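Enquirer: Got a structure for you, written out below as structure tokens; questions coming shortly.
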Ligand code: PMP
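Numbering (this note's numbering), first residue to last: 684 to 987.
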């Protein structure tokens, strides 16, 4: 169960957690056209800090632009509301969920005048794929569901309705005894997890999927930048499921999942079946960065 916090920001005002309700005919609830973000705030020695706030708010506005939802707020106003939400709830560390949705108005799939509404909720949320997953790795199953085709639902926006695909895949993976799903694109190449990008390491080279069928993950960009600064060669190229099977190392990235090593895919052990040296190095650096311990990366943090 979700750990409740005190207040939720809704259209410019804080309301009590229990009162953050919407009408049953809220348009997005029926047809899925809405956009959201997932952001994390970490505890540092200088107080709480939101990781890559600017990038998340930019992606939220890009999602709304793609979906043709016009917000009444500026990115600066939403960023301020995010920080205020963390402050008001007095949380040292939390997950932050801004959502933009179409409110009550007309029904049917041409919501001409429905209001574009915004809410920001924050709550404490530990390791999404479990502490053991972060430490020792998780088991993936290639999904029987394909990831979105760019001309079915576009992949650069974090659209509410797109997550039906993620949910179906995740449920299938769990029901087969795995921890997480890995979806292939419509061409059959590896795409992404239900809420994560994927990286593999082969012969010292870090490889990730190009941004055609997958979300432009902010953690993905973070990992690429950290790796390049550490002189690890990074390649963005399509790869197949069997290249993943024979990778030396593999891991998932995401705001909720952070950097989670992959130890097994479809019953095949990846590398030595435990987090490898490149994964461990990047993971340890990542946690130092988000925890404010790396001077060179301070610009990625917005202190609350
Ligand atoms: N792909 C999908 C489908 C996701 O939902 C997420 C989580 N936002 C990611 C990738 C990773 O993105 P980020 O690192 O920005 O959280």
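Ideal Cβ placement from N, Cα and C applies to all residues, glycine included.
Here the structure is a predicted model, which means the values were calculated and not measured.
Looking at residue 724: is its Cβ nearer than 7 Å to the Cβ of residue 771?
Expert: No, they are not a contact pair.
Enquirer: I need the straight-line Cα distance from residue 949 to residue 835, nearest angstrom please.
Expert: Roughly 28 Å between the two C-alpha positions.
Enquirer: Count Cβ pairs between the region 937-953 and the region 962-982 that sit closer than 8 Å; are there 3 or more?
Expert: The region 937-953 is in contact with the region 962-982.
Enquirer: Can you list, in chain order, the stretches of the beta strand (DSSP E) that have 3 or more residues and sit fully within the region 847-903?
Expert: DSSP runs (the beta strand (DSSP E)) wholly in the region 847-903: 863-867, 873-876, 880-885 and 888-891.
Enquirer: In terms of DSSP beta bridges, what is residue 730 paired with?
Expert: DSSP output for residue 730 lists 727 as bridge partner(s).
Enquirer: What residue range is occupied by the uninterrupted alpha helix (DSSP H) comprising residue 816?
Expert: That run of the alpha helix (DSSP H) goes 814-819.
Enquirer: When you compare only the Cα positions, how much space is there between residue 754 and residue 800?
Expert: Between residue 754 and residue 800, the C-alpha separation is close to 8 Å.
Enquirer: In terms of residues, what are the limits of the beta strand (DSSP E) holding residue 749?
Expert: Per DSSP, residue 749 belongs to no beta strand (DSSP E); it is in the alpha helix (DSSP H), 736-749.
Enquirer: Thinking C-alpha only, which one of 966, 830 and 774 is nearest residue 910?
Expert: When only C-alpha atoms are compared, the closest one is 966.
Enquirer: Kindly indicate which residue of 714, 907 and 802 has the alpha-carbon position closest to the one of residue 918.
Expert: Ranking 714, 907 and 802 by Cα distance to residue 918 puts 907 first.
Enquirer: Go through the region 915-972 residue by residue and report every complete run of the beta strand (DSSP E) that reaches 3 residues or more, in order.
Expert: Listed in chain order, the complete beta strand (DSSP E) runs (minimum 3 residues) inside the region 915-972 are 917-919, 932-937 and 941-948.
Enquirer: Residue 812 and residue 881: beta carbons closer than 7 Å?
Expert: No. Outside cutoff.
Enquirer: Using 6 Å as the cut-off, classify the Cβ of residue 902 as near or not near the heavy atoms of the ligand PMP, replying yes or no.
Expert: Yes.
Enquirer: Taking the straight line between their C-alpha atoms, what separation do you get for residue 985 and residue 718?
Expert: Cα to Cα, the separation comes out at about 23 Å.
Enquirer: Which one of 877, 841 and 900 has the shortest CA to CA distance from residue 676?
Expert: This structure gives no information on residue 676, because the portion of the chain shown stretches from 684 to 987.
Enquirer: Name the two residues that bound the continuous alpha helix (DSSP H) containing residue 764.
Expert: Unbroken alpha helix (DSSP H) run through residue 764: 758-771.
Enquirer: For the alpha helix (DSSP H) holding residue 784, just list the boundary residues, first then last.
Expert: First-last for residue 784: 777-785, but that is the beta strand (DSSP E), not the alpha helix (DSSP H).
Enquirer: Going by DSSP in three states, residue 986 sits in which element: helix, strand or coil?
Expert: Reduced to three states, the DSSP call for residue 986 is strand.
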